[in-house]
Amino acid sequence: MAEYLDVIDDNGNLTGETVAREVAHRDGIRHRTSHLWLLRKKDGALQILLQKRSADKPSFPNCYDISSAGHIPAGGEFASSALRELKEELGITAEEKDLIVCGDRNVVWDCVFQGKPFHDRQISRVFIMRCDLEEDQFHIDPVEVDSVRWMDFEKCIHGVEQNTFLNCISLEELQMVRKKLSEKEKMW
Numbered sequence: 588m589a590e591y592l593d594v595i596d597d598n599g600n601l602t603g604e605t606v607a608r609e610v611a612h613r614d615g616i617r618h619r620t621s622h623l624w625l626l627r628k629k630d631g632a633l634q635i636l637l638q639k640r641s642a643d644k645p646s647f648p649n650c651y652d653i654s655s656a657g658h659i660p661a662g663g664e665f666a667s668s669a670l671r672e673l674k675e676e677l678g679i680t681a682e683e684k685d686l687i688v689c690g691d692r693n694v695v696w697d698c699v700f701q702g703k704p705f706h707d708r709q710i711s712r713v714f715i716m717r718c719d720l721e722e723d724q725f726h727i728d729p730v731e732v733d734s735v736r737w738m739d740f741e742k743c744i745h746g747v748e749q750n751t752f753l754n755c756i757s758l759e760e761l762q763m764v765r766k767k768l769s770e771k772e773k774m775w
């Protein structure tokens, strides 16, 4: 069964139309996603949780990625979708009050996956959330996620900048997280 997404205009406003996810990526139709980064302090260092994508994913298999992310289904909202994906992918239940908004990121990106053109046009709302679980305490969905890994936050930024580990992480998004963390320093 096809997954339907709300179509948005260049400013992120709903148009009242919906489109199948596959068509949105084939034709470059703007839609919305939620990105949630989990963070913790351990031994005085700030760490970020990276999700290693399943080897069976059609896009970016075996790459490290956002802690939890997903498309917003038609009629859905950013925060509720972030929480749903968190539960589905990592087995974590949280509440909207636990989420901190970092901002929205405009994504325009073109590629080819499995021989098919892929045109991504999305507005991603970026969230952060504190989570003190160990890697083996997550209940990952093996269809979506191979594993999770805590990484020193600054080491992650450096690794993405220098491409020292296999990832599909946006440096711009990590910088958004860094900026929000500097505003919320006492929380961490």
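All the letters of the sequence shown, read from the start, carry residue numbers 588 to 775 under the working numbering. Every residue, glycine too, gets a C-beta built ideally from N, C-alpha and C.
Cβ separation of residue i and residue j, assumed to be a contact under 8 Å, to the nearest whole Å
i: I715; j: I687; result: 5 Å
i: L636; j: L625; result: 4 Å
i: C689; j: K767; result: 4 Å
i: M588; j: R692; result: With 8 Å as the limit, M588 and R692 do not qualify as a contact, their Cβ atoms being about 29 Å apart.
Same chain only: Cβ atoms within 8 Å of residue i, ignoring 5 sequence neighbours per side
i: V730; result: S641 and D643
i: F700; result: P645 and S646
i: G746; result: M738, F752 and N754
Contacts around residue i, its chain only, beta-carbon distance under 7 Å, and the 5 residues preceding and following it disregarded
i: T605; result: Y591, L592, D593, V594 and A661
i: I612; result: The sequence shown places His at residue 612, rather than the Ile named in the question. Taken in chain order, the residues that qualify are F705, H706 and D707.
i: A681; result: L670, L673 and M716
i: E722; result: V735, R736 and W737
i: A666; result: E683 and L686
Beta carbon of residue i nearer than 9 Å to that of residue j
i: D652; j: C755; result: yes
i: R627; j: R712; result: no
i: V695; j: S757; result: no
i: L677; j: D719; result: no
- How about the stretch 651-658 and the stretch 615-634: do they share at least three Cβ pairs that are nearer than 8 Å? yes
- Message: If we require 4 or more residues per run, which alpha helix (DSSP H) segments fall completely within the stretch 643-690?
- Response: 665-677
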